[in-house]
Amino acid sequence: MKTYANIADGVVQYLLPTDGDIAEMFHPDMIWIDVTDIVQGPVVGWTAVEANGAWSFAAPLPPVPTDAELKAAALSQRDSLLSQANEATAGMADAFLADLLSDADKAMFKAYAVYKLALNKIDQQPGYPTAIDWPIAPAG
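Those letters in the sequence shown? Residues 15 to 154, per the working numbering, in order.
Shown next as structure tokens:
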């Protein structure tokens, strides 16, 4: 039994295992390539390129995200990190203003304030939204 790949517009459309004569089974305008002996045979959706009578197959490249998709992902990540930072400092704002925090807690609260400010400014970075230098959360 042989396996054939149907190619249209440079893409594998179908894979057909058959004992029949492929030339007699389909219209001659259809492109069918014998892929039986290809070790890692093609998969439906893979690209197919013919050069000098030899075919090569490759998995398609993943789609490149749009700027809007990159921005949405970045803002979602920022919001998640801000939520975690807000949980870490819950109730500390009033205590800070009333000078009720220990020196260690004041330092931690201020470090989180710097961190949250940096998170809110990611859209001002030169590489945004393609490259983002994410701030590091305070330890503790």
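A virtual CB, placed ideally from N, CA and C, is assigned to each residue, including glycine.
A residue is called buried when at least 16 other Cβ atoms come within 10 angstroms of its Cβ; Tyr-28 does not meet this threshold and is exposed.
Beta-bridge partners assigned by DSSP to Asp-48: Tyr-18. A Cβ-Cβ contact shorter than 8 Å links Thr-32 with Met-15. Residue pairing by DSSP places Val-26 opposite Ile-21 in a beta bridge. Tyr-126 and Leu-111 have their alpha carbons spaced roughly 15 Å apart.
When DSSP states are grouped into helix, strand and coil, Ser-90 belongs to the helix group.
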